[in-house]
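To convert, note that position 110 of the sequence shown is 110 in full-length UniProt numbering; the numbers rise steadily by one, no gaps. C-beta atoms are modelled at their ideal positions from N, C-alpha and C, and glycine is treated no differently. Source: prediction; values computed, not measured. Written below as structure tokens is the structure these notes are about.
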Amino acid sequence: MRAVLDREMDCRRVLGRFWSGWRRGLGVRPVPEDAGFGTEARHQRQPRGSRQRSGPLGDQPFPGLLPKNLSREELVDALRAAVVDRKGKPGELTLFSVLPELSQSLGLREQELQVVRASGKESSGLVLLSSCPQTASRLQKYFTHARRAQRPTATYCAVTDGIPAASEGKIQAALKLEHIDGVNLTVPVKAPSRKDILEGVKKTLSHFRVVATGSGCALVQLQPLTVFSSQLQVHMVLQLCPVLGDHMYSARVGTVLGQRFLLPAENNKPQRQVLDEALLRRLHLTPSQAAQLPLHLHLHRLLLPGTRARDTPVELLAPLPPYFSRTLQCLGLRLQ
């Protein structure tokens, strides 16, 4: 669909997250202001392409995932192909190390694009860019005001190894960044003091809802109400249900006699996620393939402000990557 935007928004660019490698366009439509887990979002139709069936595995256990050894030209092509909404004045696209090539490929000249909103480094999903400083500022103010009002604007989809005890609720945790063995890791802090807060500890909050369960896994929708590095991954670990493909934090969940428990975060180095044999069989993966499993955390939906303050927000939807859809199919899960 084509977004209908006002003059203040007409120089916005929207890119699909290129790590996923999907090519289909995003659905763009207005939604009720209170759309969330309990209202319209629960009954929205799934975007085309997210339910496609995959064929035999062959040499592609994770369809749609771009290889790590891409050339600069291939990466530029993938980025250009992911542009789904492009209007208004041209600008210079600034994204990672392919800035000049990507700008030339998109035919942009003068104005510089800004990253307004994006998922994490290892996640898939939406990336929101703007070539207009006024629009970027307006969007940032919108997101900041929404967070202060505890009104979610982003919805992620995640597949978890394990099923949360509650079907929906909120996850609250104080988090800090800690340098452990040369890596910056997000670590929970119990009962943070005022000094801890002043030194960088942040109280974080996410809403979650279990959409479907099967084979000991769950499809979960997550709505962060704060912003912190790896917040959603750590929040799901605290629920003893690490995100599938989380090779950074999943080792913090231990199992004894079938019972899960949390291990001290400070004493657990990042390591490849270990999945049980039954789950590997359901996913049709070997242990070596599972060690390369991509993070199943996808920024699926973003709400943007309408033309005027009282207008209905505009919704952007990103289809699931093919490897994500394949995992849902293997586990018998469906995004409703």
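Judged by beta-carbon spacing, H296 lies beyond the 7 Å limit of G254, meaning their Cβ atoms are not closer than that value.
In chain order, A251, R252 place their CB closer than 7 Å to the CB of N268, counting only its own chain and leaving out the 5 sequence neighbours on each side. Just so you know, the alpha carbons of A191 and L205 end up roughly 15 Å apart. Between the region 222 to 238 and the region 171 to 189, the count of Cβ pairs shorter than 8 Å is three or higher; the stretches touch. In terms of Cα proximity to G200, the closest of H247, H207, P188, M236 is P188. Membership of E315 in the beta strand (DSSP E) is indicated by the continuous run 314 to 317. Where C241 is concerned, there is no enclosing beta strand (DSSP E), because DSSP gives it neither an H nor an E. Per the DSSP secondary-structure output, F261 pairs in a beta bridge with G254. Excluding its 5 nearest sequence neighbours in each direction, L238 has C-beta neighbours in its own chain below 8 Å: I171, A173, P188, L262, listed in chain order. In terms of Cβ geometry, L222 and Y156 form a close pair [threshold 7 Å].
Using a Cβ distance threshold of 7 Å, Q289 and H247 do not count as a contacting pair. In this structure, C217 sits away from L283, with a CB-CB distance that is not shorter than 7 Å.
The continuous stretches of beta strand (DSSP E) do not include D311, and DSSP gives it neither H nor E. S123 sits buried, since 16 or more C-beta atoms from the chains shown fall within 10 Å of its C-beta. If you ignore the 5 residues before and after P63, its C-beta comes within less than 7 Å of the C-beta of S54, P322, Y323, R326, all in its own chain and listed in chain order.
In the DSSP assignment, A136 falls within the unbroken alpha helix (DSSP H) covering 133 to 148.
Rounded to the nearest whole angstrom, the C-alpha separation of E266 and V256 is 20 Å. Taking a C-beta distance under 7 Å as the contact criterion, T153 and M236 do not qualify as a contact pair.
One Cα belongs to Y142, the other to D276, and the distance between them is close to 43 Å. CA-CA distance, A291 to F208, rounds to 27 Å.
In this structure, DSSP gives H284 a state outside helix and strand, which the three-state scheme calls coil.
Of the residues L232, T307, C241, L240, the one whose Cα lies closest to the Cα of H298 is L232.
Counting C-beta atoms within 10 angstroms of its own C-beta, R281 has fewer than 16 neighbours from the protein chains shown and is therefore classed as exposed. For R301, the uninterrupted beta strand (DSSP E) segment begins and ends at 297 to 304.
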